[in-house]
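Undergrad: Below you will find the structure I want to go over with you.
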Amino acid sequence: MPLIEETALIEGLKSEHHKEAAFRDLISEFKERLYWHIRKIVLDHDDADDVLQNTFIKIFRNIDQFKGDSKLYTWMYRIATNESITFINKKAKKMLISTEEVQQLAISKLETDVYFEGEDIQLKLQKAIAALPERQRLIFNMKYFDDLTYEELSEILETSVGGLKSSYHIAVKKITQALKNETF
Amino acid sequence: MTKESKHTHGFQTPEHYFDELNRELVIQSKLSELPQRTGYTVPEDYFSGLESKIVGALQNEKEQVSVLPLFRKRNLYYLSGIAASLIIGFSILNTVQDSPVIDTADASYYIENGGLNLNTFDLAQLLTDEDISEIVDQSDFFSEESLDTYLLEHFDESILLQEE
């Protein structure tokens, strides 16, 4: 999104008269990117839908805290990431299981999920991603599927570029190894 | 074998450039074997009605009665206790047979919405020293587990999202 449009959108969100219209524009502009980002974390469509709504509501309520030091979408990605992780933590708490078990449970449902039309290799890839530690999983998804730069990832996850590169490299190695072994 | 060059070109690379290049090439060669798409799909027309759905959800939230934050919850216990005492006292003293019955939930709602305008001083006047020490002594007023659950449900991560 061009900088000039982003500035206008933020001004609209902060003004009383244009707030709702600007909010609708914001949703239109970012709904798909944020949805897919969230979906890759929570895996289930209905859960992703809930988290997406919460994310946009949180963005709307906290727009005054956005000072423009980072790009708007990296700030929103950060909110979406936090909302998704919080959602999984709550789910784990309710089900009295660990967050890793929540992930494995979601993955085990993929084969029968009507909103997953992946081929065998895609299912295997998702299983391999789900087996990664949370941080590596986030980094891999955002780098590989969303094609974000390390600099953007650094803003979202508040981690150094060097650390991100190492984590991504490790994640890729683990995934390719898992796909070769097919032991997951 | 490296051949000594007669002329230096003067160009330089960033530190560790060739190490990183090597690592990137390894990653790229491994990634070329992976599928490009996740396989996830969404219901038909899911994205087309999303703006209205989210704006509607926001408006619904605004209309809901706000929840008291944790630090005021203790006051609510005091107030509910006092309200219950007042109701019991009132019901004993009141001899009118047709008086309406008020349950604790109604009283709590009434107090929560500012119906009973008592300040801390008023509350202190109504409680005996024994009552206060009993409440203060209850160190397990909130268990660690209930506090944990409360924070998971109500903690606003946006505090952590502030840029500075």
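Chains as they are written, first to last, in my numbering: chain A, 1 to 184; chain B, 1001 to 1164.
In this text, a Cβ means the ideal position worked out from N, Cα and C, and glycines have one as well.
1) Scan the segment 92-117 of chain A and note each continuous alpha helix (DSSP H) run of 4 residues or more that stays entirely inside, going in chain order.
2) Rounded to a whole number of angstroms, what is the C-alpha to C-alpha distance between residue 178(A) and residue 1025(B)?
3) Nearest-angstrom Cα distance between residue 98(A) and residue 124(A)?
4) Give me the DSSP bridge partner(s) of residue 1040(B).
5) Going by C-alpha to C-alpha distance, which of 1028(B), 1055(B) and 1034(B) sits closest to residue 120(A)?
6) Since residue 1040(B) meets chain A, which of its residues come closer than 7 Å, beta carbon to beta carbon?
7) Select from the segment 1017-1036 of chain B all residues with a C-beta closer than 9 Å to any C-beta belonging to chain A, and list them in chain order.
8) Quick one: give me the first and last residue of the alpha helix (DSSP H) that residue 64(A) is part of.
9) Suppose you measure from the CA of residue 106(A) to the CA of residue 8(A); what does that come to, to the nearest Å?
10) Does any residue of chain D have a CB that is nearer than 7 Å to the CB of residue 1011(B)?
11) Interface residues of chain B around residue 169(A) at Cβ under 7 Å?
12) Taking the alpha-carbon of residue 69(A) as reference, which of 88(A), 170(A) and 6(A) has the nearest alpha-carbon?
13) Quick test of your reading: residue 135(A) and residue 1051(B), contact by CB under 8 Å. State the CB separation rounded to the nearest angstrom.
14) Find the nearest neighbour of residue 1045(B) within the set 86(A), 111(A) and 31(A), judged by alpha-carbon distance.
15) What is the rounded straight-line gap between the Cα of residue 1020(B) and the Cα of residue 1031(B)?
TA: Based on what the coordinates show:
1) 99-109
2) 20 Å
3) 22 Å
4) 116(A)
5) 1034(B)
6) 39, 115 and 116
7) 1020, 1023, 1024, 1026, 1027, 1030, 1031, 1033, 1034, 1035 and 1036
8) Counting along the chain, residue 64(A) falls outside any alpha helix (DSSP H), and DSSP gives it neither H nor E.
9) 40 Å
10) Here chain D cannot be found, since the structure's protein chains are A and B.
11) 1023 and 1027
12) 6(A)
13) Not a contact, Cβ separation roughly 32 Å.
14) 31(A)
15) 16 Å
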